[in-house]
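2 protein chains.
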Amino acid sequence: MNTNENTDIAALMQGMGKAAKAAASELASASTAAKNTALTESAKALRDSKAAILDANAKDMAAGEKKGLKGSFLDRLMLDDGRIEAMAAGLQAIAELADPVGVRLSDWDRPNGLHIERISTPLGVIGVIYESRPNVTADAGALCLKSGNASILRGGSESFHSSAVIVTCLKQGLKAAGLPEDAIQLVPTADRDAVGELLRLVEYVDVIVPRGGKSLIERITAESRIPMFKHLEGICHTYIDDGADTDMAKNVVLNAKMRRTGICGATETLLVARTVAPTLLPGIVDALVDAGCEVRGDTDAVAIDGRIAAASDDDWDTEYLDAIISVAVVDGVDQAIAHIGEHSSQHTEAIITEDSKAAEEFLNRVDSAIVMVNASTQFADGGEFGMGAEIGISTGKLHARGPVGLEQLTSFKYVVRGTGQCRP
Amino acid sequence: MNTNENTDIAALMQGMGKAAKAAASELASASTAAKNTALTESAKALRDSKAAILDANAKDMAAGEKKGLKGSFLDRLMLDDGRIEAMAAGLQAIAELADPVGVRLSDWDRPNGLHIERISTPLGVIGVIYESRPNVTADAGALCLKSGNASILRGGSESFHSSAVIVTCLKQGLKAAGLPEDAIQLVPTADRDAVGELLRLVEYVDVIVPRGGKSLIERITAESRIPMFKHLEGICHTYIDDGADTDMAKNVVLNAKMRRTGICGATETLLVARTVAPTLLPGIVDALVDAGCEVRGDTDAVAIDGRIAAASDDDWDTEYLDAIISVAVVDGVDQAIAHIGEHSSQHTEAIITEDSKAAEEFLNRVDSAIVMVNASTQFADGGEFGMGAEIGISTGKLHARGPVGLEQLTSFKYVVRGTGQCRP
C-alpha cells in the first residue's frame, strides 16, 4: 500500500471517530422509547431485507470458498432464513431489556445537606473488532445502541458484504427513531490498516471490544492505545474434590468439556483429588472417550487409567477448543488452587464437592472472573447469567469482569444537589 | 547511565513486581482484623519513629534547598510533628472504614436453580507514582492495603529519605499483623528509568495511579502499558443561570474559585447567562478582586466590567491552579453546556439556578465525572463525598470515575453455586 492510501485510511478513520463521538453525545440523552423504536425498526428492516442479505452473503460465501476457507469458518459466515430471523429476534430481545442508562446506582445525603447520586451513563464510543460471523454486526451494534453508546464496527473482511447490508438495516432503524445514523458505523474497507488506525483513535473511542481467536486478540492488545474489554483465552478448570458426588462429578465434567468444545467456557483441564482419583477417574474417562474426547494426563493419571495419554508441559497451558482434555491428580483443594493460579486464564473454574468448607476455600481463593461449585463451566455466558445478552467475556479486573452485558457497557456520573453549600 | 545499570533497574523492578504479586495473592484473603491491625500498628510505628522521620525529612529539605526548589514545593515536602501525627491519624481513620473486599454487591437466582453472587475482590497490585508530598506514601500504601491490594510506591526523588522511613513503619505494621511485608514496597532508587520499567510491568501490576502535575501525568500516559486511574487536569466550570439566586451565586463562585486555588476541583472558568450578567457580574468581580483574584473575560464580560482583562483563546483551556478566573457570557444553559463540552476536562461542573428544568438539563447533558447544582465545585473530593479517603480523582469513564476511594480500588468476581447443573 502506498503512502496516499495510508493517509486516506487515517483520514477515513478520524472522520468515523469524530462522527461517532458527535452521535454518542446525542445518544447519551436519547429516550428509552427512541432506542427501542430503533431496535424494533431495525429488526423489521432485517426481515424486509432478507433477499438482499442472502444475496450479499452469497457473494461473501463464494469469495470464501474461492479463497479456500475451512468448513467451520464458512459455517460461521453462512446466513440463511433461520439465522436472519434469529438476528431480528435478537434485536427485539435487546429492545425488551431494561435501559441500563440513567439508573440511580446509589444515593446518599451528606451532613452539610448535599445530596449525592451515582447515575449510570453511557461509555461513549465503542469499537468492536470481530471475525467472520455477520450476526455479531447486528448484536454488537444493538447492544451498544441500547446502552447509549455509538459503535464503530469492524467485521472480518470475509463477511464484508453481509455486514454492510445488515448495517444499512440498523441505520434504517436509527433513522425511523430520529436518532443519528452515525450511531452505528461499519468500517467501509477491508484494509487491515484500518484496524491499526481504529486502535489509535484515543480522542474518540472509549473502549475496544475484540472478539475472535487468540492471535487476533494478541495483535490488538499489542497495538491498542485504547482500553479493552477482552479475554485472550479460556483455560477453564474443573476440580473434583474428595468430597464430590460420583455421579455429579461425571455428569458435570462431561458437560463442561463436551457440550460445546469450541466455546471459551469449556473446561480444558480436569483436576482430581488423589484420594478419589482411582475410583472416579475410570468412569469419567469412559464417559469422555465414549463422547469422542481424547484424554491426556500427568503420570499419576496415566498410572490409574491406561487410556490416558501422557500430557506434555504445554498441555496445562493450552486452550484446546476441541475434544481433548488434560487431567492432573492433585493432593487436595490447596494444590488445585495452586495449579489454577499457575495455569488458568482467570476465566471460569469450578469445584465439584459436597464439602462446604472446601467449596468456600475454592470460591474465595481462586482469582478468576467466575468461580463455581457443582456446576458446569459452560454456564459462563451472559445469557445463562440472566443478563439478556453479552458482547463478550472479560478476564480483566477493571470495569467489566465476566460476561459483558448492557450494564457493563455503561459508566456513571455523580450528581450533587445543594442549596448553595460552600466548602469550609 | 550505562547498559549494566539499566539492566539492573529492569531486574530490580521485575523483582518488585513479582514480590508484589505474591503478596497480593496472600492479601486477597487476609481478614479485615489483620488489615486493621497492620494499619493501627503502622500508625503506632509512625508516632514512635517521629525522630527518625524528622531526621530523614531534614536531609530531604536540605537537599531540596540546595537544589533551589520553590517555596511551595518545599512546603509540600516538609514534615513536622503535626503532619506526622496527621499521617498516623489518617492510617487509623482508614482502619475504621468498612472493608470493601468480600462485599456481596448483588445476587440472584436462575430458573435452573443456580445462585449467582457478585462479590467484591481486590484488584491485585497497584503502582502509585507521585511527587514530593511524603504523606502520600502513608495514605496510598494504607488505602491499597485496606482494599487488599499490594502497592508499589514511587515517590518523588526529593522526598526519598522521608518516604523510606515511612515505608519502614508501614512494614512494621504489616509484620505485626502477620501480613507479607512486600504488600507495600517503595522503589528504592531515585533513577527515573525505574518509572519507565514500572509502567511496563503488565504481568504484575494491575493499575497505575499517577498523582501530580499535568506534565507528569502526560509523560506517564504516553509511556504506560498498564491501565490508569488518573485525571490530567481539572478545568472546572461554574455556570450562573438566569434563574440563579444573586447572593448564592456570589458566595458559591467565590468559594469555588478562591477557597483553595491549587486543587483540581477549583473553578477555573465562570459562565454567566446574558440576561443576568450586567446585574450579577459587578458584585462577583468585587468579591473576587477583594480576595486577590485576577479576572479575565470575553468581550461581553469586559464590556460589562472594566476591571475584567481581555482573555486570550488559551484561557478557556487553562487550568490556572492560581488566583485567576476566566469569565464568558453565554446565551443560556444550552450554550453553557456547549462551552463545557468544548473546554472542560470532564472533572466537575456546577450550575447555580433556582430553575429545576435548567438544572436537570445541565445535570443530564454535561458529560463530567461530577455535576452539581447550587454547590461549590471544591466539594469534588472523596472525603467530602463521604468515602472516607481517596487515592485520587479519575476523569476516565472506565471502572473508577470521580473520587477513587476504597470501593474503586476493588474488582469483583461472580460466585455461582449449583447442585450439579449441566448446560442443555
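Residue numbers (the numbering used here), protein chains in the order written: chain E, 1 to 424; chain Y, 1001 to 1424. Just so it is clear, CB atoms sit at the ideal spot from N, CA and C, and this is done for glycine as well. For clarity, every value in this text was computed on a predicted model and none was experimentally measured.
Identity of the residue in the options nearest residue i by Cα
| i | options | result |
| --- | --- | --- |
| Val187/E | Gly102/E, Leu12/E, Leu216/E and Ser132/E | Leu12/E |
| Glu349/E | Val1416/Y, Asp1241/Y, Glu1158/Y and His1161/Y | Val1416/Y |
| Asp1182/Y | Cys1236/Y, Val1125/Y and His1237/Y | Val1125/Y |
| Phe1160/Y | Asn1135/Y, Ser1147/Y, Ala1150/Y and Lys1070/Y | Asn1135/Y |
| Ala1089/Y | Ser1157/Y, Ala1142/Y and Ala1033/Y | Ala1142/Y |
| Leu1271/Y | Ser1344/Y, Asp1322/Y, Cys1293/Y and Tyr1204/Y | Ser1344/Y |
| Ala38/E | Gln92/E, Asp367/E and Gly173/E | Gly173/E |
| Leu1097/Y | Gly1383/Y, Phe1073/Y, Arg1423/Y and Ile1393/Y | Gly1383/Y |
| Ala1019/Y | Gln1185/Y, Gly1392/Y and Leu1363/Y | Gln1185/Y |
| Asp355/E | Val366/E, Gly332/E, Gly297/E and Arg47/E | Gly332/E |
| Val1167/Y | Ser1049/Y, Phe1073/Y and Lys1059/Y | Ser1049/Y |
| Ala1323/Y | Gly1306/Y, Asp1290/Y and Arg1154/Y | Asp1290/Y |
| Ser72/E | Ser147/E, Gly262/E and His115/E | Gly262/E |
| His115/E | Leu1406/Y, Gly1418/Y and Met1372/Y | Met1372/Y |
| Arg1110/Y | Gly388/E, Glu26/E and His237/E | Gly388/E |
Buried versus exposed, by CB contacts within 10 Å (16 or more), residue i
| i | result |
| --- | --- |
| Gly396/E | buried |
| Asp139/E | buried |
| Asp55/E | exposed |
| Trp1108/Y | exposed |
| Met1001/Y | Reliability fails at Met1001/Y, whose pLDDT of 42 lies under 50, so the model's placement of it is uncertain and no value is given. |
| Arg192/E | exposed |
| Gly292/E | exposed |
| Lys1171/Y | buried |
| Arg104/E | exposed |
| Arg423/E | buried |
| Ala122/E | Here residue 122/E turns out to be Pro, not Ala, going by the sequence shown. Answer is buried; the Cβ neighbour count reaches 16. |
| Val202/E | exposed |
| Ala1311/Y | buried |
| Ala956/Y | Given that chain Y is displayed from residue 1001 to residue 1424, the structure contains no residue 956/Y and the question cannot be resolved. |
| Ser151/E | buried |
| Arg401/E | buried |
Proximal residues of chain E, C-beta to C-beta of residue i below 9 angstroms
| i | result |
| --- | --- |
| Arg1417/Y | Ala359, Leu363, Met372, Val373, Asn374 and Ala375 |
| Val1207/Y | Lys397 and Leu398 |
| Gln1408/Y | The premise fails here: Gln1408/Y is roughly 10 angstroms from chain E at the closest Cβ pair, so nothing lies under 9 angstroms. |
| His1248/Y | Residue identity differs from the one stated: residue 1248/Y is Met in this sequence, not His. Those are Thr419 and Gly420, listed as they occur along chain E. |
| Asn1149/Y | Here the premise fails: no neighbours, minimum Cβ distance about 11 angstroms. |
Contact set between residue i and chain E, taken where Cβ atoms lie within less than 8 angstroms
| i | result |
| --- | --- |
| Glu1028/Y | First, the residue type needs correcting, since residue 1028/Y is Ala and not Glu in the sequence shown. Chain E residues near Ala1028/Y: Arg365 and Asp367. |
| Ser1162/Y | Within 8 angstroms Cβ-Cβ: nothing; Ser1162/Y doesn't reach chain E, min ~29 angstroms. |
| Gly1402/Y | Lys413 and Tyr414 |
Own chain residues within Cβ distance below 8 angstroms of residue i, not counting five before or after
| i | result |
| --- | --- |
| Ile220/E | Ile129, Val195, Leu199, Ile208, Pro210, Met228 and Lys230 |
| Arg259/E | Ala266, Ser376 and Gln378 |
| Ala1249/Y | Ile1240, Leu1280, Ile1284 and Ile1352 |
| Ala994/Y | The shown model of chain Y, from 1001 to 1424, leaves out residue 994/Y, and the question about it has no answer. |
| Gly1386/Y | none |
| Leu1232/Y | Lys1214, Ile1217, Glu1218, Thr1221, Ser1345 and Thr1395 |
| Gln1092/Y | Leu1039, Thr1040 and Ala1043 |
| Lys1357/Y | none |
| Gly113/E | Gly418, Thr419 and Gln421 |
Contact set between residue i and chain Y, taken where Cβ atoms lie within less than 9 angstroms
| i | result |
| --- | --- |
| Ile384/E | Position check: residue 384/E holds Glu in this sequence, whereas Ile was assumed. Simply Arg1110, Asn1112, Leu1114 and Arg1423. |
| Gln335/E | None at all; the shortest Cβ gap to chain Y is about 15 angstroms. |
| Val252/E | Gly1418, Gly1420, Gln1421 and Cys1422 |
Opposing strand residues paired with residue i [DSSP bridges]
| i | result |
| --- | --- |
| Ile1263/Y | Per DSSP, none; premise fails for Ile1263/Y. |
| Leu1153/Y | Val1128/Y and Leu1186/Y |
| Ile1324/Y | Glu1294/Y |
| Glu349/E | His237/E and Val371/E |
| Ala441/E | With chain E covering only 1 through 424, there is no way to say anything about residue 441/E. |
| Ile1391/Y | Ile1391/Y pairs with nothing; no bridge assigned. |
| Leu1123/Y | Leu1123/Y is not bridged to any residue. |
Own chain, CB closer than 7 angstroms to residue i, minus 5 neighbours either side, in chain order
| i | result |
| --- | --- |
| His1339/Y | Leu1271, Ala1328 and Val1330 |
| Lys1257/Y | Ala1266, Thr1267, Leu1288, Cys1293 and Ile1325 |
| Thr275/E | Asp242 |
| Glu223/E | Gly196 and Leu199 |
Own chain partners of residue i with C-beta closer than 6 angstroms, once the 5 adjacent residues on each side are dropped
| i | result |
| --- | --- |
| Thr1003/Y | Its pLDDT being 48, under 50, Thr1003/Y is placed unreliably by the model, and nothing is read from it. |
| Gly1156/Y | Glu1131 and Ser1132 |
Within chain Y, the residues that residue i reaches when beta carbons sit closer than 8 angstroms
| i | result |
| --- | --- |
| Lys214/E | The contacting residues do not exist; Lys214/E stays about 17 angstroms from chain Y at best. |
| Gly68/E | By Cβ distance, chain Y contributes nothing, its closest Cβ being about 34 angstroms from Gly68/E, past 8 angstroms. |
Contact list for residue i against chain E, beta-carbon separation under 7 angstroms
| i | result |
| --- | --- |
| Pro1227/Y | Pro227 and Leu398 |
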